[in-house]
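Residue numbers (UniProt numbering): 1 to 441.
Report on the following structure.
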Amino acid sequence: MSVPVVAVIGAGYAGLACAVELARAGVHVTVFERSHTLGGRARVVHKDHHWRVDNGQHILIGAYTELTRLLRLTGGSPKQLAHLPLTLHVPGRLHLKAAAALPAPFHLATGLLWAKGLSWADKVAMVGMMRWLKKRDFRLPPEMTVSGLLRETRQTPAMIELVWVPLCVAALNTPAEDASAQIFANVLRDSLAASASASELLIPRVDLSELFPVPAARYLATRRGKLRTGNAIDALHPVEGGFRLEGDPGSQPWPHVVVATAPYHADTLLASTGHCDRLAAQIDALPHEPIVSVYLALGKDQKLPEPMIGLVNGATAGPAQWAFDRGQLGGPEGLMACVISASGPHEALPRDELILQTHAQLERHLGRRLPSPEWSQVIVEKRATIACRPGIFRPGIRTPMRGLWLAGDYLESDYPATLESAVRSGVACAQSILAELGYTG
Ligand SMILES: Cc1cc2nc3c(=O)[nH]c(=O)nc-3n(C[C@H](O)[C@H](O)[C@H](O)COP(=O)(O)OP(=O)(O)OC[C@H]3O[C@@H](n4cnc5c(N)ncnc54)[C@H](O)[C@@H]3O)c2cc1C
1 MSVPVVAVIG AGYAGLACAV ELARAGVHVT VFERSHTLGG RARVVHKDHH WRVDNGQHIL
61 IGAYTELTRL LRLTGGSPKQ LAHLPLTLHV PGRLHLKAAA ALPAPFHLAT GLLWAKGLSW
121 ADKVAMVGMM RWLKKRDFRL PPEMTVSGLL RETRQTPAMI ELVWVPLCVA ALNTPAEDAS
181 AQIFANVLRD SLAASASASE LLIPRVDLSE LFPVPAARYL ATRRGKLRTG NAIDALHPVE
241 GGFRLEGDPG SQPWPHVVVA TAPYHADTLL ASTGHCDRLA AQIDALPHEP IVSVYLALGK
301 DQKLPEPMIG LVNGATAGPA QWAFDRGQLG GPEGLMACVI SASGPHEALP RDELILQTHA
361 QLERHLGRRL PSPEWSQVIV EKRATIACRP GIFRPGIRTP MRGLWLAGDY LESDYPATLE
421 SAVRSGVACA QSILAELGYT G
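The structure is reproduced here in structure tokens:
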């Protein structure tokens with residue numbers, strides 16, 4: 001039996017997860033990537049020789065089991081992720097830390113008992129919402145938004161401002177009033193309501209290209225896989241025996257092709273086949289949300305009280321929701337990564353103003369003057385992820401054409417568009433291809 005061949009378009013987390021899983025089974029995979037940097041929307045950005053930063057601070061949770069499995073499979077070291085017990089720390093306002101050593105639900109209950117900054121009414125509201133969700137087996141009306149859920153379960157203003165809204169934008173990258181309560185409930189089910197390790201925060205200590213894409217590329221190289229960087233595929237043409245890829249230097253038809261690009265690139269590739277117009281139009285109509293990252297290098301002696309702190313945001317409070325101390329997370333000392341998830345009034349601000357406002361916001365939270373940044377950088381990802389709204393159409397891995405597959409964070413999933421949903425879709429796609437090939441390696 002000859003060894004099957006598969007082409008994967010896109011070396012983001014989804015495409016590489018798919019390629020690794022195929023290569024593991026013995027399939028010869030070729031990955032085409034338009035950029036010279038691996039990782040797609042989770043990649044290192046060489047903005048400056050000294051300050052090597054990512055296109056945005058990423059955070060994972062312990063429940064993201066497929067990505068951590070792939071990291072182990074491709075030889076990544078567990079030391080590449082900082083494992084922190086779930087901690088919500090808003091300086092001067094809130095300190096809630098789950099008790100790492102205790103089993104669920106005691107890790108959270110104990111953390112809640114000792115939490116500073118929450119009244120009994122707040123704590124009762126939080127427990128009440130978790131119980132409400134559990135009673136419904138975490139199944140909610142499909143049209144319910146996160147704001148609707150918070151109203152329904154009578155959450156207090158402090159819980160909404162300090163806990164639920166920041167967690168919602170961090171996890172779903174969608175404002176609470178637009179965000180799907182079902183997807184939010186899924187994340188809570190698999191983190192807060194699961195084991196202490198599932199609710200741990202995992203924060204990369206290496207850059208995002210180094211975390212998985214580079215080890216994945218090495219893994220492919222040892223299994224006769226090929227990675228063609230700087231090689232965009234411009235169109236897909238159905239031919240005898242599969243598909244011809246416009247931009248592929250080889251002339252062989254590919255019997256199986258995986259489109260593992262962001263949705264806003266997948267639609268054009270699908271449309272180019274001439275047989276997937278409806279699917280391409282549905283993907284084209286997906287709404288997106290931005291993420292803005294403000295990096296501030298404040299000097300070696302500057303530290304945050306925790307590796308990650310919450311920031312109260314809003315029209316007068318400042319634009320960012322979270323700040324990460326990269327110095328405590330394997331990065332350069334004094335480098336802060338401030339995150340502004342989802343759409344909002346900050347989108348109208350020029351970059352210099354964003355830097356000034358974020359700097360002032362940090363000063364207010366820390367209650368002290370901070371030095372002016374030695375270096376700063378604003379990275380705007382206008383279409384960071386799809387908007388995780390109720391009832392949104394998320395396609396499956398299959399397309400109307402035999403041999404043409406999809407992988408990506410935007411596909412149907414229990415989870416929001418994240419690294420985990422990206423790699424899960426990649427692995428699911430590989431498994432379906434292998435099943436169709438009847439190939440077990
Ligand atoms: C700023 C920011 C912060 C985020 N924070 C988090 C977080 O904290 N936690 C989390 O889990 N997720 C986070 N995400 C989401 C996460 O990054 C994405 O869900 C994930 O990276 C998507 O991976 P993907 O493989 O589906 O798509 P992509 O990463 O978009 O990969 C697609 C790849 O295809 C390539 N490509 C496109 N067209 C072509 C073509 N024609 N030919 C060849 N190659 C092509 C692209 O160059 C790209 O490398 C964040 C995203 C951003 C932008």
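Here a beta-carbon is modelled for each residue, glycine too, at the ideal position from N, C-alpha and C.
- When distances are taken from the beta-carbon of N55 to the heavy atoms of ligand 1, the shortest one is below 7 Å.
- Distances taken from the Cβ of D409 to the heavy atoms of ligand 1 include one shorter than 7 Å.
- A17 places its beta carbon less than 8 Å from that of L70.
- With respect to G15, V8 sits close: the two C-beta atoms are nearer than 8 Å.
- Per DSSP, the unbroken alpha helix (DSSP H) holding G128 starts and ends at 120–135.
- Using a cutoff of 7 Å, the CB of G148 does not count as near ligand 1, since none of the ligand's heavy atoms is closer than that.
- For I386, the enclosing beta strand (DSSP E) begins and ends at 375–386.
- K382 and R351 have their C-alpha atoms some 14 Å from each other.
- DSSP places F106 in the helix class (H, G or I) of the three-state scheme.
- As computed with DSSP, T222 is found in no beta bridge at all.
- Rounded to the nearest whole angstrom, the C-alpha separation of H28 and L411 is 25 Å.
- According to the DSSP assignment, H265 belongs to the alpha helix (DSSP H) that extends over 263–271.
- Membership of H237 in the beta strand (DSSP E) is indicated by the continuous run 235–239.
- In terms of side-chain proximity, the C-beta atom of H46 is found no nearer than 7 Å to any non-hydrogen atom of ligand 1.
- Taking 7 Å as the cut-off, the C-beta of T399 does not count as close to any heavy atom of ligand 1.
- Exposure of W114 is indicated by the presence of fewer than 16 other C-beta atoms within 10 angstroms of its C-beta.
- With a 10 Å radius around the Cβ and a threshold of 16 neighbouring Cβ atoms, W164 comes out buried.
- In the DSSP annotation of this structure, the continuous segment of the beta strand (DSSP E) that includes L81 starts and ends at 81–84.
- For P204, the three-state secondary structure derived from DSSP is strand.
- Looking at the DSSP output, A7 bridges to T30, V257.
- Distances from the CA of M130 to each of K116, R93, A194 were compared; the closest alpha carbon is that of A194.
- Of F393, L150, C338, the smallest CA-CA separation from D414 is found for F393.
- Of the residues W254, E210, P287, A109, the one whose Cα lies closest to the Cα of C388 is P287.
- Contact between T358 and A320 holds, with the beta-carbon distance rounding to 5 Å and staying under 8 Å.
- Look at L60: its beta carbon is less than 7 Å from one of the heavy atoms in ligand 1.
- Judged by the Cβ position, H265 qualifies as a neighbour of ligand 1 at the 7 Å threshold, a heavy atom of the ligand being closer than this.
- Contact between G117 and L81 is absent: CB atoms are separated by about 28 Å, not below the 8 Å threshold.
- In terms of CA proximity to G327, P307 leads the group A315, S343, P307, C338.
- The three-state reading of DSSP puts L370 in coil, since its state is none of H, G, I, E or B.
- In this structure, G299 sits away from P390, with a CB-CB distance that is not shorter than 8 Å.
- In the DSSP secondary-structure assignment, V292 is bridged to I340, V380.
- Assignment of M159 by DSSP, reduced to helix, strand and coil, places it in the helix class.
- Taking G148 as the centre and dropping the five residues before and after it, the same chain places the C-beta of A181 closer than 8 Å to its C-beta, in chain order.
- Taking I283 as the centre and dropping the five residues before and after it, the same chain places the C-beta of P263, A266, D267 closer than 6 Å to its C-beta, in chain order.
- Nearest to M159 by C-alpha distance, out of E353, V292, L88, is L88.
- Under the three-state reduction of DSSP output, F243 falls in the strand class.
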